[in-house]
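Chemist: Sharing a structure here in structure tokens format.
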Amino acid sequence: MKSSSKKARKFSIRFTVGSMFLFATVLTAIFAISLQYYFSRQMTEEHVLSKLTMASSEISDYIQQIDVNATSSAQILRTVSTAAEKQFSEKEIRDIFVQVLKDNPLFYSLYYGNRAEDFYQIINLESSPIVRERIDAVEQDRWVIIKIKGSGDERIRTTEYYTDSLKRTRIISQHSNYFPSQRPWFHSATQSTVYKTDPYLFKHLKITGQTYSIRSKKSVIGVDIVLSSLSSKISSDAKGIYGGDGVEAFLFNHNGEVIASNLAQNATMSIPNGVPMKLTDDQIRNVQYAPPLKVSNQNNWGPYDFAQAGEPKGYSIDQLKLVSQMTGLQFEFVNGFTTQDLTHKFNQGELDIIHSLTDKHPLNGSGKSVKMYTARLGVAMRQEGRLPTTVTELQQGVIAVIEGRGIEQVLHHLAPTLNIKPVLRFEQAKALLLEGKVDFVIDSSFALNEIRGAANSDAITVGDLNDFNHVPFHLYASKEHAHLLPLIEQAIKQFTPLQKRALELKWLDDSVSKAGFLPYPELFNLSLQQAQHNQMISAESGEQFLYVTPVSNSGAQEYFAVVVPTNVITKQVVERLVTSISITICAMLILLPIAWIFGSPIVQPISQLRRETLRIKQRQFNQVRLVDTRIKEVHELSLSVVEMASEIERHQKEREAFIDAFICLIAQAIDDKSPYTAGHCNRVPELGMMLAKIAEDTDTGKYKDFRFNNDDERREFRIAAWLHDCGKITTPEHVVDKGTKLEANYNRIHEVRTRFEVLWRDAEIEYLRSLLDESIDKGSAFEKLHNRQSELKQDFEFVAKANVGGEFMSEDKIERVKSIAQQTWLRHFDNRLGLSPFEELSKVPPQGSLPVKENLLADKPEHIIHRVRQIEFEEKHGIQMEVPEHQYNYGEVYNLTISRGTLTPEDRFKINEHMISGIKMLEALPFPPELSNVPRFASTHHETMDGRGYPRKLSGADLSIPERILVIADIFEALTAADRPYKKAKPFSVAIDIMHKMALDKHIDEDLFLLFLTNGGFQQYAEQFLPATQIDYVDVAKYIKRPDFA
């Protein structure tokens, strides 16, 4: 019952009444708010979907506008270009191009190039903020015209800067190695349709973009747009629509490659800058005369070498950037071509450096290279088969390999019989694998995993080939620049461990997507499912909503997607919900006081009853009153409480009377146990209470503030006084009652006297024998007998007096006892007969045959009583007493030579041990809180002010006032007791004088002794308990006038 009541939570009556009143209202409010939340969420989702549809439409229109404008502009310019070649001047062409750019502010530039490698371009500096920065234009510049003409060393690039009114502000001429016929927009253009390139790095601007181109009879017309403008549009629309962080928007193609996004570029891991190397003179000259080197950049070989929306990225690209920082070499990356095209351009001398190819690649040219890094090759296959781990397991299958990286040659070098099918792109290899036309695709493990993750291809599995853990990939230089390879190799070898670790964390950490693909495979999957377009789809994680729609873009497969966090969708709903809940809570708070008032007729009398029960708990029974209430049940409960209080009070008084009687019974039993203690336990409480009353009544001096706080504390002190010697119940009587030195369970002086009697008889026998054998005359024999018997009388009388004990025994008397002990007598009987089992344990084996000569007084081994178990004091009791080695020592000489009194150290400890027994007994009793100090008060009456008492060796600072009073009461009663058979009662004046000396010796509290003496405390006790013959005059003034009491 108790356990369950503790666990069950309790509620007040007022709370219960108020809760029942509010419950219906709260339940109704919850139902209404739930409906509101449900319908509001639906409305919000529809609203967001509507905004997404509008945003996607705007993005589609925006991109379509760019496509339409760029396409139509290119077609128009084709006609203009044809006409210009025949009719228009360069100024007229410039004016036409400028007008087209003004009409289409999103165009970055217009240009044309011909087979003679002439190139003419006009750049719109207002097309994007980054354009002006990259092309080094000033604020007043509005247009830039770039013209490239000539061949070989005479090929010149002229850059002219113009204001808005077409006034030229400056012109810059420099050598150029740019040839329009080598660019993708030129050789891929046709006359029938406008060609749109994939994102690539613009040659002059060094930013990414796309080109729309069309071929005329003698030239190719191009329109450029920069992707930063498209990303800005997506970012602006995405943020404007939702008004919250966390919304992600993407424009991506059918391969999952991101064209534009509102997300900032990943900069979670920066590569420490390279420190310029200390170059030799030759190396310095080589760097100074080296032109910007054209370096290959593959489209999609992540994470090593790829282009993200035309921007060069990857492990090897960052390596080359570090080389540039360390050596001063300048690199211009060329992308937008397949790997095979890049290889061809290097062989034709159109590229200075090609990299990320194996050392087995069959390149034309110098063939000189340096190792950049190593990569692990992996294998991809369909899920239904077991993934191979070695080349030998690939012998029976068809293997697709991307052409142009040298991986095909590495495989053939190790296994010439492999059936390898070269392909141009990863997309082609993946399609062949899924269609079952090839069994495996082999490439870098990282590249295979990037493609598989971007396409969400669960049907494909990827693993490592153990034969190709570290395939080296090299950097090749043309013959013209082969002398720079040692410098590049030196720089790569000097990469710091921190730089190498940063490169690995940025590009080779499995937890980071690095190749510029869509970061959400679910989005790519949705783009392939037409039925899921233009819908809000919850992601598998439940934390986002996904939206995908196709974008009309010249027939290209491009998609616009948005990832919206769930909290953005529900934000407005939650805000409304919080508002509704707040209003409801306010209403509940307004109603709460009403509910509180409704409970008052019940709560107030119950609260009053609780206060009455607190009085019972505090034992204030006489203050318990009947509660005035009109509620019948509460009135009856109040009557029961009052009756219960009366019964508890009666029961408590009976219990206290029983406990007090039981305590008095124990004290009386202790007194009755030995006449040596007589009525000590009865009188000490009386004297203690008298002295405590005097201390309470005084209003001057050191103890003027002493008071018992209540009757419980007085009762506590009185009980402690009754029980102060309760431990004596365990003390043997023969020790307590030991009135002589030789007393044990009886007075052994009679044994000693018997031995003297034997010696007396021996003297008479010797006298008679001397008369019979006539060895001595009768007179001499009689004199000898008389002297011997006189000596025996004197010795026995001395021993008998020594046995009684006294205040002090001098050394000469101790020596006389030892001298008397040396006398011997003959024992003719076996002393081992008739012994108890306990005596047999301590008796030593007999020595020789009878009769045996023994000393008159002796300390024998059997006189030593050993302890059955060692005495150990618990630390919590704080006992500080020296324990004698033996329990008892009954040695006759040992006892007779006690210097003071009749007790040996063993006897003294046995008597003092009653304090230890008392402590253990009282500490074991479960005293109630109001009697918690009884064990302490009852166990300190043998302590002294100077800390030499027992059992704890407490000093005056450790003793409370009640404890000090009990010390004085115990000593004074012992000094004046007249009913003890072992001593005569001391007169009243002598007892006071002794206590005065004890006060001087710091045995008792001087101030308390003086207080009791001057206030008649001792006199009052004497008149009540001492016989009139014992009470004599005490000159109190002589103790007060003493200097040491002043």
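Using my numbering, you'd call the opening residue of the sequence shown number 1 and step up by one each time.
Cβ coordinates follow ideal geometry from the N, Cα and C atoms, glycine included.
Everything numeric in this text was worked out from a predicted model, so none of it was measured.
1) Using only the alpha-carbon positions, how far apart do Ala978 and Glu643 sit?
2) Report the option in Gln608, Val194 and Thr461 whose CA atom is closest to the CA atom of Arg215.
3) Would Pro928 and Phe909 be called neighbours here (beta carbons separated by less than 7 Å)?
4) Alpha helix (DSSP H) containing Gly918: first to last residue?
5) Would you say Ser955 lies against chain B (beta-carbon separation less than 7 Å)?
6) Taking the C-alpha atoms as reference points, what is the distance between Ala985 and Ser790?
7) Can you list, in chain order, the residues of its chain with a C-beta nearer than 6 Å to that of Lys514? Leave out the 5 residues immediately preceding and following it.
8) Within 8 Å, do at least three Cβ pairs link the region 372-392 to the region 328-343?
9) Return the residue from the list Asp318, Gln618 and Tyr890 that minimises the CA-CA distance to Asp859.
10) Beta-carbon separation of Ile865 and Tyr888 under 7 Å?
11) Comparing alpha-carbon positions, which option in Leu772, Arg714, Ile666 and Pro732 lies nearest Asp725?
12) Within the continuous alpha helix (DSSP H) that includes Met326, where are the two ends?
13) Leu320 to Glu248, Cα distance in whole Å?
14) Can the beta-carbon of Ile171 be found less than 7 Å from the beta-carbon of Glu154?
15) Near His863, which residues of its chain fall below 7 Å by C-beta distance, leaving aside the five closest residues on each side in sequence?
16) Could you pull out every residue in the same chain whose Cβ sits closer than 7 Å to the Cβ of Asn469, ignoring the five residues on either side in sequence?
17) Only counting runs of 4 or more residues, tell me where the alpha helix (DSSP H) segments fall wholly within the region 409-439, in order along the chain.
18) Count the other CB atoms within 10 Å of the CB of Asp224; is the residue buried (16 or more) or exposed (fewer)?
19) Using DSSP's beta-bridge definition, name the partner residues of Val379.
20) From Asp699, Ala720 and Ala695, pick the residue whose C-alpha is nearest to that of Phe708; which is it?
21) Is Asn262 helix, strand or coil by DSSP?
22) Report yes if the CB atom of Ala645 is closer than 7 Å to the CB atom of Ile616, and no otherwise.
23) Give every residue of the same chain whose Cβ lies closer than 6 Å to the Cβ of Arg788, excluding the five residues on either side of it in the sequence, and list them in chain order.
24) To the nearest angstrom, how far is it from the Cα of Glu943 to the Cα of Lys920?
25) Select from Gly727, Ser849, Asp946 and Val370 the residue whose C-alpha is nearest the C-alpha of His1063.
26) Where does the unbroken beta strand (DSSP E) through Phe545 begin, and where does it stop?
27) Our contact map puts Leu526 next to Val548 with C-beta atoms below 8 Å; I'd like the distance itself, whole angstroms only.
28) With 16 other CB atoms within 10 Å as the buried threshold, where does Ala455 fall?
29) Using a 10 Å radius around the Cβ and a threshold of 16 neighbouring Cβ atoms, would you call Asp795 buried or exposed?
30) Whose CA, out of Gly834, Glu973 and Ile442, lies closest to the CA of Val410?
31) For Tyr242 and Leu251, what's the separation of their Cα atoms in angstroms?
32) Considering only residues of the region 939-994, which uninterrupted alpha helix (DSSP H) runs meet the minimum length of 4 residues and lie entirely inside it, listed in chain order?
33) Output the distance between the C-alpha atoms of Ala938 and Lys632, rounded to the nearest integer angstrom.
34) Am I right that Tyr112 and Gly222 are in contact with their C-beta atoms under 8 Å? What's the rounded C-beta distance?
35) For the alpha helix (DSSP H) holding His344, just list the boundary residues, first then last.
36) Mind reading off the beta-carbon distance from Thr327 to Ile407? Whole number of angstroms is fine, and I expect it under 8 Å.
Modeler: Quick look at the numbers:
1) 51 Å
2) Val194
3) no
4) Pro905 to Ala924
5) In the structure shown, chain B does not exist; there is a single protein chain.
6) 36 Å
7) Low confidence applies to Lys514: its pLDDT is 48, below 50, so where it sits in the model is not reliable enough to give any reading.
8) no
9) Tyr890
10) yes
11) Ile666
12) Tyr315 to Thr327
13) 32 Å
14) no
15) Asn889, Tyr890 and Gly891
16) Arg376
17) 426-435
18) buried
19) Ile442 and Gly463
20) Ala695
21) coil
22) yes
23) Ala763
24) 17 Å
25) A query on residue 1063 cannot be resolved here, the shown segment of the chain reaching from 1 to 1046 and no further.
26) Gln544 to Val551
27) 5 Å
28) Low per-residue confidence applies at Ala455: pLDDT is 46, beneath 50, and the placement is therefore not dependable, though the value from the model is reported in the following sentence. Ala455 is buried by the Cβ-count criterion.
29) buried
30) Ile442
31) Note that Tyr242 has pLDDT 46, beneath the 50 cutoff, so the model's placement of it is unreliable and no number is given.
32) 961-976
33) 52 Å
34) 7 Å
35) Thr339 to Asn347
36) That pair is no contact at about 29 Å.
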